[in-house]
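One rule links them: number in our numbering = place in the sequence shown (from 1) + 1112.
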Amino acid sequence: MNILNILETAKKKGQKLISVLIDPDKTLVEEVPSICSRINNAPIDFIFLGGSTVNKDKTEIIAKEIQKHTSVSIVLFPGDYTHLTNYANAVLLLNLISGNNPEYLINQQVKAIPFLQKSNLEIISTGYVLVDGETTTSTIKVTQTTAIPQQDKEKITHTCVAGQYMGQHVLYLEAGSGATQPVGKDVVNAVFNSVNIPIIVGGGIRSLKKITEIHMAGATLVVIGTAFEKNNIFK
1113 MNILNILETA
1123 KKKGQKLISV
1133 LIDPDKTLVE
1143 EVPSICSRIN
1153 NAPIDFIFLG
1163 GSTVNKDKTE
1173 IIAKEIQKHT
1183 SVSIVLFPGD
1193 YTHLTNYANA
1203 VLLLNLISGN
1213 NPEYLINQQV
1223 KAIPFLQKSN
1233 LEIISTGYVL
1243 VDGETTTSTI
1253 KVTQTTAIPQ
1263 QDKEKITHTC
1273 VAGQYMGQHV
1283 LYLEAGSGAT
1293 QPVGKDVVNA
1303 VFNSVNIPII
1313 VGGGIRSLKK
1323 ITEIHMAGAT
1333 LVVIGTAFEK
1343 NNIFK
């Protein structure tokens, strides 16, 4: 299954997708069967697996357990090259284009090559853009970069267009886990009107109403975490 093709086809046809983000560092192995059961009974298209501080061993343990309980495709969302595992279908090769830290612009990607060259993972080049969600996220702390203010839509859109011109296959607008303010629909729409590649949006999205709002603004894929884990919004 080609994940990028699914995203590109969905964008072309106006289809809307949803992913659940599972952070291995915050997930107990014994919780996985229950989480997967709820995923299997909800309109979930992908499972994003990753976090800012988790280690490879924990990622592999959780990934293996997920594969026992669901056929939903696993897409790695790594915070570090050491988080990579073959127990998944694809990996978002994140390029933090909103920051100026070379470690996350090119160095992490170079460090990942020995693993990726031997792997069967589908590699999806992803322009990663941190948008201010009114909270200091773990991603901001780890990468030592700053998020772009939501009010500065021009900088956000220019950053996204630059990412597309540089060859990114998808764009990921991220307000961060636990964000007080998710990426606004006006921001998503501004990016949608400026690029022609799929847009992923995540962080602070806690209701079906907000998912629909972000989808309608132009996102192809909306990523939820806490909303699914704690609120079970698809009841």
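From the three backbone atoms N, C-alpha and C, an ideal C-beta is built for every residue, glycine too.
On a predicted model such as this, the values are computed, not experimentally measured, just so you know.
Do you know how far the Cα of residue j is from the Cα of residue i?
i     : j     : result
Y1199 : N1212 : 31 Å
I1147 : F1160 : 13 Å
V1141 : K1170 : 9 Å
F1346 : E1143 : 18 Å
F1340 : S1185 : 17 Å
F1158 : V1203 : 12 Å
T1271 : V1241 : 8 Å
T1269 : S1306 : 7 Å
L1233 : I1311 : 21 Å
H1195 : N1219 : 15 Å
Q1276 : K1253 : 26 Å
K1128 : G1163 : 24 Å
K1124 : N1117 : 10 Å
P1294 : P1261 : 12 Å
V1282 : V1334 : 13 Å
I1155 : T1121 : Going by the sequence as given, residue 1155 is Pro instead of Ile. Cα-Cα distance, rounded: 18 Å.
P1214 : G1191 : 15 Å
For my contact list, residue i and residue j are in at a C-beta cut-off of 8 Å; report their separation, rounded to the angstrom.
i     : j     : result
K1168 : T1139 : Incorrect: roughly 15 Å between the Cβ atoms, too far for contact.
I1326 : I1336 : About 10 Å; that fails the 8 Å criterion.
L1287 : V1243 : Going by the sequence as given, residue 1287 is Ala instead of Leu. Right, the Cβ-Cβ distance comes to about 5 Å (below 8 Å), so this counts as a contact.
S1289 : T1249 : 6 Å
L1119 : T1332 : 6 Å
T1182 : N1152 : 6 Å
DSSP has residue i in a bridge; who is on the other side?
i     : result
A1202 : V1187 and E1234
N1207 : G1239
E1286 : L1242 and G1314
V1335 : S1131 and G1314
F1158 : S1131 and S1185
I1260 : V1243
Kindly list the residues whose CB is nearer than 8 Å to the CB of residue i, restricted to its own chain and excluding five residues on each side of it in sequence; keep chain order.
i     : result
Q1280 : N1207, I1209, S1237, T1238, G1239 and I1309
I1115 : F1158, S1185, V1187, N1201, A1202, E1234 and I1236
K1265 : D1298, V1299 and A1302
T1292 : G1245, E1246, T1247 and G1316
E1172 : T1197 and Y1199
So, for residue i: in the same chain, excluding its five sequence neighbours on each side, which residues have a beta-carbon less than 7 Å away from its beta-carbon?
i     : result
A1329 : K1297, V1300, N1301 and F1304
L1205 : Q1221, I1235, I1236, S1237 and T1238
L1228 : I1235
D1137 : G1163, T1165, V1166 and K1170
L1320 : I1345
S1231 : N1198
By Cβ distance, which residues of its chain are closer than 6 Å to residue i, with the 5 residues on each side in sequence left out?
i     : result
Y1216 : L1208 and T1255
Q.
Counting beta carbon pairs with one atom in the stretch 1208–1224 and one in the stretch 1170–1181, are three or more of them shorter than 8 Å?
A. no
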